[in-house]
Structure formats: C-alpha cells, structure tokens
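> Numbering (the numbering used here), first residue to last: 331 to 501.
We put the CB at the ideal spot given by N, CA and C, even for glycine.
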C-alpha cells in the first residue's frame with residue numbers, strides 16, 4: 331500500500347482515507363464511481379450521477395518550517411509505520427466524505443490514514459482531484475494503474491507525493 335494525499339492505494343483499489351478492516355467504515359473509488367464500505371453505511375454512486383464529493387473534518391497539519399517541518403516528517407514516518415505494523419499511536423481519526431447527487435447528500439465515514447494529520451498541500455490537491463473525478467477531467471484509473479506498478483515501493487516522500495497528485499490533476 332501507499333499513501334498519496336488523502337488516498338490509500340493498493341494494487342487493486344483506491345480509498346479515500348485508510349483501507350477499512352473488517353466491517354469498519356470506508357470509501358472506495360473505482361473507475362465507475364464511489365462505493366460506501368462498512369457495516370453502518372451503504373451506497374454506490376456512478377461518477378456521472380455525482381454533483382460533488384467533499385471531505386470534511388480530515389485532520390490537516392498547517393505549514394511548518396524549521397524544527398516543526400522535521401517533526402512533521404517524523405510524524406508522517408510514524409503514521410505509515412503505525413498503519414503498516416499496527417499498535418503504534420492512537421487509533422486513526424474518522425473524517426467524513428460527503429457524496430452529493432441530485433437527490434441530496436450522503437455523509438460517509440472514513441478512517442484517516444495519517445493520524446497526525448495530512449499536509450495542507452496534499453489535502454488541497456486531493457480535494458481538487460476528487461472534484462476532477464466528478465467532472466470527468468481526471469480519472470481514477472490513473473491511480474489504479476500507478477498502484478499496480480508502484481505500490482510495492484510504499485509511501486513516497488512529501489515532494490514526490492505532491493508531484494504525483496499534480497500529475498494526476500493534469501492527466
């Protein structure tokens with residue numbers, strides 16, 4: 331698996347937030363649309379039927395410099411280690427993914443993949459990319475393809491993740 335912005339990418343799937351375990355809540359993105367996962371939420375929406383997909387209450391770290399920037403880098407490494415090996419730190423935060431259609435808005439829960447928060451720039455790029463999926467300007471298939479060929483490398487550094495998000499925005 332690899333974390334890129336708000337996206338948890340495996341060889342076969344893309345999630346907003348962390349991949350859910352068992353009956354835990356989650357949101358999966360497919361080439362066809364958005365799927366609610368977990369025991370307490372359900373639904374499947376085609377991209378063509380969506381007006382918007384929004385993210386609310388995701389933990390976001392503010393821009394930092396100096397020692398704080400180093401601390402953020404260490405936090406990201408600990409986040410990845412905790413999610414891969416388990417048992418490190420607090421349980422992941424839960425945030426909301428709002429799926430809006432002509433019939434209204436459905437609020438879904440997803441586990442955050444970065445317990446200490448996402449970087450502000452990755453959050454903004456990810457939210458923009460979600461909207462481009464809705465409008466058809468971008469395609470989830472690019473993330474799925476990247477996952478099939480690069481996920482074994484694990485989570486990239488911040489600059490590489492941001493560059494990848496920008497690449498997907500332009501594709």
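Determine the DSSP secondary structure at residue 382, reduced to helix, strand or coil.
Here residue 382 sits in strand by DSSP.
> Starting from residue 356, follow the beta strand (DSSP E) in both directions and report where the run begins and ends.
Residue 356 -> beta strand (DSSP E) spans 356-359.
> Alpha carbon to alpha carbon, how far is residue 371 from residue 338?
Their backbone Cα atoms lie some 19 angstroms apart in a straight line.
> In whole angstroms, what separates the C-alpha of residue 365 from that of residue 393?
Looking at the two C-alpha atoms, the distance is approximately 32 angstroms.
> In the DSSP assignment, find the alpha helix (DSSP H) that holds residue 472 and state where it starts and stops.
First-last of the alpha helix (DSSP H) with residue 472: 471-480.
> Expressed to the nearest angstrom, what Euclidean distance is found between the alpha-carbon atoms of residue 496 and residue 334?
Looking at the two C-alpha atoms, the distance is approximately 11 angstroms.
> Roughly how many whole angstroms lie between the Cα atoms of residue 481 and residue 473?
C-alpha separation (whole angstroms): 10 angstroms.
> Which term fits residue 434, buried or exposed, when burial requires 16 or more other beta carbons within 10 angstroms of its beta carbon?
Exposed.
> Could you tell me how far apart the beta carbons of residue 346 and residue 385 are, in whole angstroms, since I believe they sit closer than 8 angstroms?
Yes, they are in contact, since the Cβ atoms of residue 346 and residue 385 sit about 7 angstroms apart, within 8 angstroms.
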